[in-house]
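Here is the structure we will look at.
Number of protein chains: 4
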Amino acid sequence: MAGGLKNRGKAKQDVDERRAAAEEFTGAKLNAISHCSFDPIVAEKNIENMIGCVQIPLGFVGPILINGGHAKGEFLVPMATTEGALLASVSRGCNVITSAGGADVVIVKDEMTRAPVFRTEGVKHCAEVACWVDDHFEEVKAAAETTTKHGKLLKVRAFASGKSLYLRFSYDTGDAMGMNMATIATEAASRLIEEMTGATLISVSGNMCTDKKPAAIDAIEGRGKVVLADVTIPHAMLVEKLHTTAEKAVETCFRKNLVGSAMALSYGFNAHMANMIAALYLATGQDPAQVVEGSMGMTTAEIVGDGMYLSVRIPCVEVGTVGGGTRLPCQGEALAMIDCVGLGKAKKLAEIVGAVVLAGELSTLAAQSAGELGKAHKALGR
Amino acid sequence: MAGGLKNRGKAKQDVDERRAAAEEFTGAKLNAISHCSFDPIVAEKNIENMIGCVQIPLGFVGPILINGGHAKGEFLVPMATTEGALLASVSRGCNVITSAGGADVVIVKDEMTRAPVFRTEGVKHCAEVACWVDDHFEEVKAAAETTTKHGKLLKVRAFASGKSLYLRFSYDTGDAMGMNMATIATEAASRLIEEMTGATLISVSGNMCTDKKPAAIDAIEGRGKVVLADVTIPHAMLVEKLHTTAEKAVETCFRKNLVGSAMALSYGFNAHMANMIAALYLATGQDPAQVVEGSMGMTTAEIVGDGMYLSVRIPCVEVGTVGGGTRLPCQGEALAMIDCVGLGKAKKLAEIVGAVVLAGELSTLAAQSAGELGKAHKALGR
Amino acid sequence: MAGGLKNRGKAKQDVDERRAAAEEFTGAKLNAISHCSFDPIVAEKNIENMIGCVQIPLGFVGPILINGGHAKGEFLVPMATTEGALLASVSRGCNVITSAGGADVVIVKDEMTRAPVFRTEGVKHCAEVACWVDDHFEEVKAAAETTTKHGKLLKVRAFASGKSLYLRFSYDTGDAMGMNMATIATEAASRLIEEMTGATLISVSGNMCTDKKPAAIDAIEGRGKVVLADVTIPHAMLVEKLHTTAEKAVETCFRKNLVGSAMALSYGFNAHMANMIAALYLATGQDPAQVVEGSMGMTTAEIVGDGMYLSVRIPCVEVGTVGGGTRLPCQGEALAMIDCVGLGKAKKLAEIVGAVVLAGELSTLAAQSAGELGKAHKALGR
Amino acid sequence: MAGGLKNRGKAKQDVDERRAAAEEFTGAKLNAISHCSFDPIVAEKNIENMIGCVQIPLGFVGPILINGGHAKGEFLVPMATTEGALLASVSRGCNVITSAGGADVVIVKDEMTRAPVFRTEGVKHCAEVACWVDDHFEEVKAAAETTTKHGKLLKVRAFASGKSLYLRFSYDTGDAMGMNMATIATEAASRLIEEMTGATLISVSGNMCTDKKPAAIDAIEGRGKVVLADVTIPHAMLVEKLHTTAEKAVETCFRKNLVGSAMALSYGFNAHMANMIAALYLATGQDPAQVVEGSMGMTTAEIVGDGMYLSVRIPCVEVGTVGGGTRLPCQGEALAMIDCVGLGKAKKLAEIVGAVVLAGELSTLAAQSAGELGKAHKALGR
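Residue numbers (this note's numbering), protein chains in the order written: chain A, 1172 to 1553; chain B, 1172 to 1553; chain C, 1172 to 1553; chain D, 1172 to 1553.
Here it is as structure tokens:
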């Protein structure tokens, strides 16, 4: 039955045969995995060697009131997790934010990047190639855009060291997350650059993109959507709903999110943004490896006249509402819960991510400042 | 039906009622989400507000031959993803590694950390509290270990700035990932420290832990298991199976993983470790937000006499084989595929992660050096 | 004589009186310090509370052949240090570079930055202020340039988090290092922005500048002049003059400057650039605290057909040939040695820095790869 | 006269001859440079190719009252700079600190490090070599200490990636800064390790030391002396002496030193520590290239009941009171001003650095919060 392991088919019977082969090879019974709520052919562009599905528990948080440029009103937001206490905590934050008048959210930048690396003759050649690209931007743009209907090349920036030249291409990718679109367009543009300058393309990704690694360039410049959100929680609400005070929560934010992260030389100045981002990405068919960049956000808290001001900055919200995992049935339904299916919805989705991250940060900061973290995990968690 | 949204029950009928309420609130139909291969009560410690499951396609890579301290032999490894081309690519890497004699893997450190922050009177008080903890380590350890059967406190390190004192507790957490165990134990120890020194616990997590944020302290010191893996691929195999050469692949690794990541000031010196880690974590019930730390690995390549030497260092493999998402049916079956269910298996699982990451890095480096990345995504991807 | 300590005069007799008071207060004899080769009034804008001078030994390295855009020909370069072995080592590198045909040097960017921080009403206000600045760039530029004859505002970039808005102003500052020019111009522009947008200036430097701290934004974007330099050393020359081989030196560069710095999560991927930069800055009247940014460079080595290719990238060469310490007599003479006095010379000076840093990196890499570092320090050092 | 340039002598006549040759080569007159207040032979271990001295204006700040473990009482502290306004500003800070009862200072760690890199056979060999070093620490220590009277090896930590093994040696180096002592001792120990384990020493410095580059490992772990200092300034004093308030200064510190540095992904969370450190190092004969590590400090401010609490953490105060530049006449006199000449004084010097850095941070924070930075530079600066 070793032939079964090598089956490359995408139909249900191929999946079944492969799973049977895997059971034989490993000795494991794969009953739960065999239950798919959809015909595997639906996932033909999402995976190879498919043998079934893994099921992640899905719940919701909210409703949360959002005052964004694209997301407006109350949302019940789907999140998938296996970490007990997470949804209860975030939902508590949503409730408080809604009571406080909702979260303001704004997207201040929206660009997907890909940065090939070229080998040149040396530093002077690097400078010449960079100049050529600047001087011929329209040609480079045309070459890139031959490969895509939706992608628009916005700019190319050059960085050089020795014989290595990095060209960071920034795109508007519409409602797609856009990584693959950017890769294919950049490869086409790179072939033109090779031809016209004598530089040699070494890799279409030279890691100044930077995809799925924590990188200062992304945290500073943003990648995908740069999302800012904030809210002011009145004093009484902090006491009644969150069992803390502005003073305590602001002190916790200061010593933990700022000083503590600085002492660890972390690129993330937040409490646990990655938790919310991971749960939202899993629910809505985003790429969970891009939680990495998403985790590089900053949460700040300040005492203001009427209570506590709380904000989040998430520099890399890399989401799409078309393509990738969004095509799958469960993920599509989850997107439908927040009216984020298909064209014209990616910015709305990013704003919802911003607001929910704010809710999660609020609740955890409150819990930690009230000394409740361990308790919550004991009661609800694993 | 707003009552349905507020239902806090964990039984199947609660889930069904809540989902119906969510459908009513959002107007979305949640059919695919409603299909669970298990009774929701199984997930009672994994989620709140559950309305169903999200299904992520699951496949396998391998077999891959692993020469580890705990993982020995050939493994067919489950991975869950929605990113087309990933499993095909990693599986190609597994095949080459197996042909080359397998991946050597070693775990060089294994500690889970939690770092509370205390407020002191100032720098001299910080120094005194740190000394007290050093001098009374056995008492601190005893206080921590009253809360856990499996956790062992290994050491406590102090870091201070102004009135903020961070104590980084390191634990052996057995076969659990151990974050919650460490949190609860540290909270108990912190209460003793408060009482004996006059310092005030501000938050049981002061972000020098550092959990779910990219942080230098974790990349340098490790968190969870520090896993190293390597393999040497003969020249002929590089050409035949990977369509590249040692020279090309090593140059790509140099310009991309080292120089490129350095230019971006990335904490990750690798091609795409987060992809493999995310897919493995989802399949086996690990915490996907910890892909963040996992992404801070390093991949190095060197030309050696007989071919290309390739290695990975993953400083933060935070995995468990008990507790958390490992209890869920699909995830448990996935763990069974690699004989990693329950006690005595966490190190084995970590070694498998190391070997599969090596395979994924190998395949992608080869593809990028051969100019095949865009092509692969066009053929297989979204 | 306590009155003497409070003397605020700048003339020689004030200096003498103050020194006498300092001697009385401290009990120390300050004879060597009293020897100034110039009238203290010359330094009236360089220091307060002056009591004399500290003398740093000054030597030279070279001649070194430089093929730059501004520095062309052979240069004998002044360096001041107290670290034995440094000048001998750098001079050896200069000699080899000259024999190999000289160092190519190119400046790829030249901007001085200052980034004030404003307090706004929140994230939406941040976005509005940033838009206002974009839309009124010419007015902002005019306001800034009222304060300076030489400074030109090139661009302003906005970064926001919560109520904090950072505006990074980039200037062409001519032949001045330009930090003070940028500060004063930015303060003027900031007052306009305050008035027109309702944002409140909190500090004219909000640390996104970033001055005198190692910062990713500077390493990536550059501050001052971004200088690249390279050279190829033939195999025979490596053996004869440097007692090493291309293979050994390239391996040392790989394991030390790239992998080692990456393992330390250093922002400097070099051997000891700070040594050369400090010695050049001291000799020529630059600000020694800006060695900090200068140290964030990258050195790469590659084996090429005819020998070893070596390059440096120094992202922050913050130098001037007018103003600051360049006005002092010794420093002016040192600048005269390399024909870098006054207007039109700052880029030339930066290129010389680039070439000398290359020489220093070359020599140390060779010494370390030949196992000679400890030996050199034993023979020549302290 | 080209022979003159190649003169390698150290006596005064050699210096004079060489300077004359330099004048001839460059066409510059080097009169000011020729004035040395000491016989050049004194500097024979400090420089090669000496042609004279560069004179840096020297002044003082203070008196400042210090409550350290080693520095106790009022100090008049020498600083050398060419940056106008610096000493006036720092002196203002000293005055306020003294009025407020002095600066508390404490040294919480004191270790100098050197980290050679070895080439091994691969990851398993790395693990074995690391184990060997652990198991044979006493032999390694004995080998290292054969080379030094004052140095004591405290520990060796191993970090590995692929074939590269880094061993970070930590020493007590007494009153020497200790870099050369550590280099020579580590080289001796490395030869033993090579012999016993089969690993090959590639470079005695593998950049995990990390010397003269900004590196997370140093900022987190410390290198040299980790110095903490703090003070509380009463409200009235902030208003009267510094023209600000606790609220304004604390807000400036928050938005600039914490949020601003975090946004720039800086490793320095301070206003301008490098300025004070550079001026102190130049005055007292320390290595100015080590200002780089010194700049990675953190300044925090908090409102407390009676005023503003201000603290600094400087993780890398790498100073000595014997050897290096401390032997030179001016530098020796400067050390005498603060009673820091020779044995038993290095910790005292480090504490003085801590207190003066605190003073400089205080004054600049106050000035920036009062909107006075540009004004001060206009009045006093260049």
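Beta carbons: idealized from backbone N, C-alpha and C, even for Gly. Remember, it's a predicted structure, so these values are computed and weren't measured experimentally.
At least one C-beta of chain C is nearer than 7 Å to the C-beta of D:Pro1385.
Per DSSP, the beta-bridge partners of D:Gln1226 are C:Gln1226. Straight-line spacing of the CA atoms in B:Ser1341 and A:Lys1334 works out to 43 Å. Around the beta carbon of C:Leu1514, a 10 Å sphere encloses fewer than 16 other beta carbons of the protein chains shown; the residue is thus reported as exposed. At the C-beta level, C:Ile1509 and C:Val1248 come within 7 Å of one another. Of the candidates C:Ala1400, C:Lys1419, C:Asp1401, the residue whose Cα lies closest to the Cα of C:Leu1409 is C:Lys1419. For a Cβ distance threshold of 8 Å, residue set Asn1220 of chain A lies close to B:Val1232, ordered along the chain. For D:Leu1499, the closest of C:Thr1253, C:Ile1218, C:His1321, C:Val1375 by C-alpha to C-alpha distance is C:Thr1253.
Of the other Cβ atoms in all chains shown, fewer than 16 fall within 10 Å of the Cβ of A:Asp1305; this residue is therefore exposed.
In terms of beta-carbon proximity, A:Phe1440 lines the interface with chain D, with at least one pair separated by less than 7 Å. Residue pairing for C:Gly1395: DSSP places it in a beta bridge opposite C:Glu1282. Between D:Leu1533 and chain B, the shortest Cβ-Cβ separation is not below 7 Å.
Considering only beta carbons, the part of the stretch 1448-1480 of chain B lying closer than 8 Å to chain D consists of Met1469, Thr1471, Glu1473, Tyr1480, in chain order. Using a 10 angstroms sphere on the CB of B:Cys1501, the tally of other CB atoms reaches 16 or more, which defines it as buried. B:Met1447 is a Cβ neighbour of B:Val1528, given a cutoff of 7 Å.
Residue pairing by DSSP places C:Glu1254 in no beta bridge whatsoever. Fewer than three Cβ pairs drawn from the stretch 1286-1296 of chain A and the stretch 1305-1315 of chain C lie within less than 8 Å of each other, which leaves the two stretches out of contact. Within the same chain, and ignoring the five residues on either side of C:Ser1270 in sequence, the residues whose Cβ sits closer than 8 Å to its Cβ are Met1408, Lys1412.
Between A:Ala1251 and A:Ala1521, the gap from beta carbon to beta carbon reaches 7 Å or more. The beta-carbon distance between C:Ser1332 and A:Ser1361, rounded to whole angstroms, is 34 Å. This is too long to meet the 8 Å contact definition. Boundaries of the beta strand (DSSP E) harbouring C:Ala1331: 1323-1332, taken from the DSSP string. For B:Ser1260, the CB contacts under 8 Å within the same chain, skipping 5 residues up- and downstream, are Gly1531, Ser1534, Thr1535, Ala1538, Ala1547 in chain order. Those residues of the stretch 1385-1407 of chain B placed with their C-beta closer than 7 Å to a C-beta in chain D are Ala1387, Ile1388, Ile1391, Leu1399, Ala1400, Asp1401, ordered along the chain. Proximity of the stretch 1428-1435 of chain C to the stretch 1429-1440 of chain B meets the contact definition, three or more beta-carbon pairs being nearer than 8 Å.
The beta carbon of D:Val1528 does not come within 7 Å of any beta carbon belonging to chain B, so the residue lies off that interface.
Put simply, the CB of C:Leu1520 is far from chain B, with every gap to its CB atoms at 7 Å or more.
For the stretch 1277-1309 of chain C, residues whose beta-carbon sits nearer than 8 Å to a beta-carbon of chain A comprise Val1277, Val1279, Gly1293, Val1294, Lys1295, Cys1297, Ala1298, Ala1301. Distance check between B:His1307 and each of B:Pro1459, B:Ile1237, B:His1321, B:Lys1326 places B:Lys1326 closest, using alpha-carbon atoms only. Listed by position along chain D, the residues whose Cβ is nearer than 8 Å to that of B:Ala1331 are Val1279, Leu1399, Arg1484. Interface residue (Cβ-Cβ distance to chain D less than 7 Å): A:Ala1420 is not classified as such. Listed along chain A, no residue sits closer than 7 Å to B:Phe1340 by beta-carbon distance, the nearest being about 13 Å off.
Ranking C:Ser1540, C:Thr1354, C:Gly1349 by CA distance to the CA of C:Gly1395 puts C:Gly1349 first. Excluding residues up to 5 positions away in sequence, Glu1188, Arg1189, Ala1191, Ala1192 lie with their Cβ nearer than 7 Å to the Cβ of D:Gly1175 in the same chain.
A:Val1463 is positioned such that its CB atom lies closer than 7 Å to that of A:Lys1383.
CA-CA distance, B:Thr1381 to D:Val1277, rounds to 26 Å. Less than 7 Å divides the Cβ of C:Ile1373 from the Cβ of C:Val1288.
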